[in-house]
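Student: Position one of the sequence shown corresponds to residue 353 (our numbering), numbered consecutively onward. Every residue, glycine too, gets a C-beta built ideally from N, C-alpha and C.
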Amino acid sequence: MGRSVSYPTGSVVAFRLLEDGEDDDVDWVYECLVDEIIDAAKAVFPSFERFDGWRGREDRILLRNAFADCGISTYCGLAAIWLVERDDPQYWEADFYTPRTARARHWLAQVSGRFVDLFGELRMVGRFSNGEAIFERSRSACDTEP
353 MGRSVSYPTG
363 SVVAFRLLED
373 GEDDDVDWVY
383 ECLVDEIIDA
393 AKAVFPSFER
403 FDGWRGREDR
413 ILLRNAFADC
423 GISTYCGLAA
433 IWLVERDDPQ
443 YWEADFYTPR
453 TARARHWLAQ
463 VSGRFVDLFG
473 ELRMVGRFSN
483 GEAIFERSRS
493 ACDTEP
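1) Using DSSP with H/G/I as helix, E/B as strand and the rest coil, what is Ser464?
2) When burial is assigned at 16 or more other CB atoms within 10 Å of the CB, is Tyr359 buried or exposed?
3) Based on DSSP bridge pairs, tell me the residues matched to Arg416.
4) Thinking C-beta only, is Arg407 closer than 8 Å to Asp421?
5) Is it the case that the Cβ atoms of Val365 and Trp434 are separated by a distance below 8 Å?
6) Quick one: is Ile486 buried, meaning 16 or more other Cβ sit within 10 Å of its Cβ, or exposed?
7) Suppose you measure from the CA of Ala392 to the CA of Gly465; what does that come to, to the nearest Å?
8) Pick out whichever of Thr361, Tyr382, Ala431, Phe397 has its Cα sitting closest to the Cα of Phe467.
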(Lines of atoms letter the chains of each structure in order from A; the text may use other names.)
(Lines give C-alpha, C1' and ligand atoms only; values in the text may rest on other atoms or scores of the structure.)
Protein backbone atom coordinates (compact mmCIF):
# COMPACT_ATOMS: atom_id res chain seq x y z
CA MET A 353 0.00 0.00 0.00
CA GLY A 354 1.25 3.49 -0.81
CA ARG A 355 2.28 5.93 1.87
CA SER A 356 0.55 9.25 2.45
CA VAL A 357 0.51 11.93 5.12
CA SER A 358 -0.90 10.69 8.42
CA TYR A 359 -3.69 12.27 10.47
CA PRO A 360 -5.88 10.93 13.26
CA THR A 361 -8.98 8.95 12.29
CA GLY A 362 -12.10 11.11 12.22
CA SER A 363 -10.20 14.38 11.78
CA VAL A 364 -11.26 17.50 9.97
CA VAL A 365 -8.18 17.99 7.76
CA ALA A 366 -6.76 20.92 5.83
CA PHE A 367 -3.84 20.22 3.50
CA ARG A 368 -1.05 22.48 2.29
CA LEU A 369 2.38 22.18 0.78
CA LEU A 370 5.22 22.52 3.25
CA GLU A 371 7.75 23.86 0.79
CA ASP A 372 7.51 25.98 -2.34
CA GLY A 373 10.97 25.62 -3.82
CA GLU A 374 14.04 23.44 -3.77
CA ASP A 375 16.10 26.01 -1.87
CA ASP A 376 13.74 26.23 1.13
CA ASP A 377 15.04 25.18 4.54
CA VAL A 378 12.35 22.60 5.30
CA ASP A 379 12.86 22.75 9.09
CA TRP A 380 12.48 26.53 9.09
CA VAL A 381 9.40 26.36 6.86
CA TYR A 382 7.90 23.72 9.18
CA GLU A 383 8.50 25.79 12.31
CA CYS A 384 7.02 28.89 10.64
CA LEU A 385 3.92 26.88 9.71
CA VAL A 386 3.62 25.57 13.28
CA ASP A 387 3.78 29.15 14.62
CA GLU A 388 1.20 30.27 12.04
CA ILE A 389 -1.17 27.45 13.00
CA ILE A 390 -0.90 28.24 16.70
CA ASP A 391 -1.40 31.98 16.26
CA ALA A 392 -4.25 31.71 13.74
CA ALA A 393 -6.13 28.95 15.55
CA LYS A 394 -5.92 30.72 18.91
CA ALA A 395 -7.18 33.94 17.30
CA VAL A 396 -10.17 32.25 15.64
CA PHE A 397 -10.84 29.65 18.36
CA PRO A 398 -9.88 31.33 21.67
CA SER A 399 -10.61 28.23 23.77
CA PHE A 400 -7.42 26.58 22.48
CA GLU A 401 -4.34 26.44 24.70
CA ARG A 402 -0.85 25.46 23.59
CA PHE A 403 -0.19 21.79 24.10
CA ASP A 404 2.93 19.76 23.39
CA GLY A 405 2.04 16.14 22.69
CA TRP A 406 1.61 13.40 20.14
CA ARG A 407 -1.14 11.09 18.92
CA GLY A 408 0.82 8.05 17.91
CA ARG A 409 4.24 8.56 16.37
CA GLU A 410 3.42 10.90 13.48
CA ASP A 411 0.65 13.27 14.58
CA ARG A 412 1.89 16.23 16.63
CA ILE A 413 -0.63 17.99 18.89
CA LEU A 414 -0.09 21.77 18.98
CA LEU A 415 -3.27 23.00 20.68
CA ARG A 416 -5.99 21.55 22.90
CA ASN A 417 -9.28 22.65 24.39
CA ALA A 418 -11.92 20.80 26.42
CA PHE A 419 -13.16 18.97 23.30
CA ALA A 420 -10.49 18.74 20.62
CA ASP A 421 -6.85 18.47 19.66
CA CYS A 422 -5.41 20.56 16.83
CA GLY A 423 -2.20 19.42 15.25
CA ILE A 424 0.02 18.82 12.27
CA SER A 425 1.41 15.83 10.43
CA THR A 426 3.83 15.95 7.52
CA TYR A 427 5.11 13.63 4.84
CA CYS A 428 7.20 14.39 1.73
CA GLY A 429 6.48 18.13 1.69
CA LEU A 430 2.74 17.81 2.41
CA ALA A 431 1.28 19.04 5.70
CA ALA A 432 -2.02 17.84 7.13
CA ILE A 433 -3.38 20.34 9.65
CA TRP A 434 -6.08 18.55 11.60
CA LEU A 435 -8.76 19.01 14.22
CA VAL A 436 -10.16 15.96 16.04
CA GLU A 437 -12.02 14.99 19.19
CA ARG A 438 -9.67 14.40 22.10
CA ASP A 439 -8.72 10.83 22.90
CA ASP A 440 -6.75 10.93 26.13
CA PRO A 441 -7.41 9.49 29.62
CA GLN A 442 -8.21 12.89 31.18
CA TYR A 443 -10.84 13.58 28.51
CA TRP A 444 -12.54 10.22 28.96
CA GLU A 445 -12.39 10.50 32.75
CA ALA A 446 -14.05 13.93 32.59
CA ASP A 447 -16.57 12.51 30.08
CA PHE A 448 -17.54 9.81 32.60
CA TYR A 449 -18.67 12.43 35.13
CA THR A 450 -20.04 15.05 32.70
CA PRO A 451 -20.57 13.70 29.18
CA ARG A 452 -18.58 15.70 26.64
CA THR A 453 -18.65 13.54 23.52
CA ALA A 454 -21.89 14.92 22.07
CA ARG A 455 -20.82 18.51 22.79
CA ALA A 456 -17.39 17.83 21.28
CA ARG A 457 -18.88 16.46 18.07
CA HIS A 458 -21.31 19.37 17.87
CA TRP A 459 -18.46 21.89 18.35
CA LEU A 460 -16.35 20.15 15.69
CA ALA A 461 -19.25 20.21 13.24
CA GLN A 462 -19.74 23.94 13.89
CA VAL A 463 -16.11 24.93 13.35
CA SER A 464 -14.99 22.46 10.65
CA GLY A 465 -15.80 24.71 7.66
CA ARG A 466 -14.05 27.70 9.16
CA PHE A 467 -11.05 25.51 10.08
CA VAL A 468 -10.62 24.21 6.52
CA ASP A 469 -11.06 27.73 5.08
CA LEU A 470 -8.44 29.04 7.50
CA PHE A 471 -5.73 26.46 6.78
CA GLY A 472 -6.58 24.59 3.58
CA GLU A 473 -4.67 25.28 0.37
CA LEU A 474 -5.21 21.83 -1.13
CA ARG A 475 -8.23 19.57 -1.32
CA MET A 476 -7.98 15.79 -1.49
CA VAL A 477 -9.76 14.66 -4.65
CA GLY A 478 -9.34 10.92 -4.15
CA ARG A 479 -7.00 8.01 -3.63
CA PHE A 480 -5.50 5.39 -5.89
CA SER A 481 -5.93 1.73 -4.97
CA ASN A 482 -2.39 1.71 -3.56
CA GLY A 483 -3.30 4.44 -1.03
CA GLU A 484 -1.62 7.40 -2.73
CA ALA A 485 -3.73 10.56 -2.56
CA ILE A 486 -4.54 13.05 -5.32
CA PHE A 487 -4.90 16.75 -4.50
CA GLU A 488 -5.99 19.93 -6.24
CA ARG A 489 -5.71 23.55 -5.20
CA SER A 490 -8.74 24.50 -3.13
CA ARG A 491 -11.09 27.11 -4.53
CA SER A 492 -10.21 29.58 -1.74
CA ALA A 493 -6.49 29.23 -2.47
CA CYS A 494 -7.10 29.80 -6.19
CA ASP A 495 -9.13 32.94 -5.45
CA THR A 496 -6.32 34.50 -3.43
CA GLU A 497 -3.47 33.93 -5.87
CA PRO A 498 -2.63 36.74 -8.35
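Tutor: In this structure, then:
1) Against the sequence shown, residue 464 aligns to sequence position 112. Helix at Ser464.
2) If you number the sequence shown from 1, residue 359 lands on position 7. Classification of Tyr359: buried, given that the 10 Å Cβ count is 16 or more.
3) Working through the sequence shown from its first residue, we reach residue 416 at position 64. Glu401, Asp421, per the DSSP bridge assignment.
4) In the sequence shown, counting from the first residue as 1, residue 421 sits at position 69. In the sequence shown, counting from the first residue as 1, residue 407 sits at position 55. Taking a C-beta distance under 8 Å as the contact criterion, Asp421 and Arg407 qualify as a contact pair.
5) If you number the sequence shown from 1, residue 365 lands on position 13. If you number the sequence shown from 1, residue 434 lands on position 82. Their beta carbons are under 8 Å apart, which means Val365 touches Trp434 by this criterion.
6) Your numbering for residue 486 matches position 134 in the sequence shown. It is exposed - the Cβ of Ile486 has fewer than 16 other Cβ atoms within 10 Å.
7) What you label residue 392 is simply residue 40 of the sequence shown in a count that begins at 1. What you label residue 465 is simply residue 113 of the sequence shown in a count that begins at 1. The straight-line gap from Cα to Cα measures roughly 15 Å.
8) Position 115 of the sequence shown, counted from the first residue, corresponds to residue 467. The shortest C-alpha separation from Phe467 is found at Phe397.
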